[in-house]
Amino acid sequence: MIHLVQIIQRFVRIPTGILAIMIYTLIVYLIYLAFTKYIPMLIHQTFDMIQSVIDFYEHQPKDADPVLQYIHNYIERNDFFEQLQNGASIALGYLQDIGKMAVAFAMSFILSFFFMIEKQKTILFSRLFLKSEFSWFFQDLYYFADKFVNTFGLVLEAQFIIALLNTLLTTIALAAFGFHQLLSLAIMIFILSLIPVAGVIISCIPLSFIAYSQGGIRDVVYILMTILVVHLIESYVLNPKLMSSKTDLPIFYTFVVLLVSERFFGVWGLIVGIPIFTFFLDVLKVKKIPNHSPREIDIL
């Protein structure tokens with residue numbers, strides 16, 4: 312939010328407090344719009360998408376090709392619908408975690424609003440800790456906080472922007488191919504895009520399954536080619552521009568970090584694992600991250 316305010320103030324000279332109120336009011340309105348209009352649409356499209364896939368395999372045509380026949384027989388042998396119900400139960404468990412994250416997001420949103428309203432006052436007050444009797448302790452605390460913001464925050468921000476651009480490009484391609492339930496697919500692609508490297512591979516599975524149910528092998532080839540092109544754009548354009556040297560990790564280390572972070576933090580570890588690992592690399596001086604912290608919040 313601080314970066315957004317700084318960008319706007321480069322073009323329009325508006326006091327920080329007034330600009331913060333305007334931005335947060337707009338965000339609250341967009342959240343209200345999402346809950347009242349787009350989330351019901353998302354739920355409806357998701358159920359329609361699942362139902363269309365189920366109907367497709369329940370009413371298999373007699374002249375189905377061998378690939379479809381093999382998939383149908385495999386589903387019958389492995390009791391696909393029972394597994395789908397078990398998967399739905401797991402999904403409900405994840406929804407509870409999402410509820411906790413929503414509460415944390417709401418609290419963070421409120422705290423960031425009050426910080427932006429009284430930014431200068433908060434900064435001046437924070438400087439008093441660095442001049443107190445226990446200044447040595449607060450200076451160490453500030454050092455790690457600065458490292459955390461400079462690595463975890465910026466890497467997560469770049470990861471979010473890359474996921475957003477990946478979602479936009481892939482959704483445009485899906486619309487061109489005539490896919491339905493684009494809102495549900497876009498949400499799924501965005502969530503998977505937040506997982507570095509592995510998210511691209513994981514997204515191939517449900518997208519290929521849906522593509523085959525709608526248009527056969529031809530649509531599957533189109534989808535795989537689209538994902539390949541988007542991944543190339545991410546690897547050779549977005550990552551060098553946005554990530555720079557922040558997360559230039561070997562693929563082996565990336566997958567190891569994802570596996571370990573998922574073990575300790577659950578599904579959210581797939582998203583925050585790489586930023587946390589980058590933070591420790593910087594703190595331990597294994598791989599130094601250039602300082603890009605905003606000057607206005609530098610309390611030293």
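The numbering of the sequence shown is the working numbering, which starts it at 312 and goes up by one. Where a beta carbon is used, it is the ideal one built from N, C-alpha and C, also for glycine.
Straight-line CA distance for residue i to residue j?
| i | j | result |
| --- | --- | --- |
| I585 | L485 | 29 Å |
| I434 | I582 | 30 Å |
| E429 | Y453 | 20 Å |
| A474 | P507 | 9 Å |
| F416 | I338 | 13 Å |
| Q431 | K458 | 22 Å |
| T565 | T478 | 21 Å |
| L496 | E444 | 56 Å |
| L334 | W579 | At residue 334 the sequence reads Ile, which differs from the Leu that was named. Each residue's Cα considered, the two are about 28 Å apart. |
| G489 | L476 | 20 Å |
| V541 | S514 | 12 Å |
| D593 | F455 | 10 Å |
| G616 | F576 | Nothing can be reported for residue 616: it is not among the residues displayed for the chain, which extend from 312 to 611. |
| T336 | T327 | 14 Å |
| V597 | P561 | 14 Å |
| I512 | I325 | 45 Å |
| A345 | Y547 | 33 Å |
| W447 | F591 | 22 Å |
| H491 | G510 | 22 Å |
Could you round the C-beta distance between residue i and residue j to whole angstroms and report it? I think they count as a contact, below 8 Å.
| i | j | result |
| --- | --- | --- |
| L441 | Q450 | 6 Å |
| Y349 | L494 | 7 Å |
| F463 | I313 | Contact doesn't hold; Cβ gap of about 15 Å is too wide. |
| A331 | M427 | 4 Å |
Tell me where the alpha helix (DSSP H) around residue i begins and ends.
| i | result |
| --- | --- |
| W447 | S446 to F459 |
| L505 | Per DSSP, L505 belongs to no alpha helix (DSSP H) and is neither H nor E. |
| E545 | That residue, E545, is in no alpha helix (DSSP H); it is neither H nor E in DSSP. |
| E429 | No alpha helix (DSSP H) holds E429; DSSP gives it neither H nor E. |
| Y343 | T327 to L344 |
Can you tell me which of the three DSSP states residue i falls into?
| i | result |
| --- | --- |
| F322 | helix |
| L480 | helix |
| K596 | coil |
| L560 | coil |
| K411 | helix |
| G527 | coil |
| Q491 | According to the sequence as given, residue 491 is His; it is not Gln. H491 falls in the coil class under three-state DSSP. |
| I313 | helix |
Would you call the segment 499-510 and the segment 473-482 touching, i.e. three or more CB-CB distances under 8 Å? Short answer: they touch.
Segment contact flag, the segment 534-545 with the segment 514-521, C-beta cutoff 8 Å, min 3 pairs: Between the segment 534-545 and the segment 514-521 there are three or more C-beta pairs closer than 8 Å, enough to call the two in contact.
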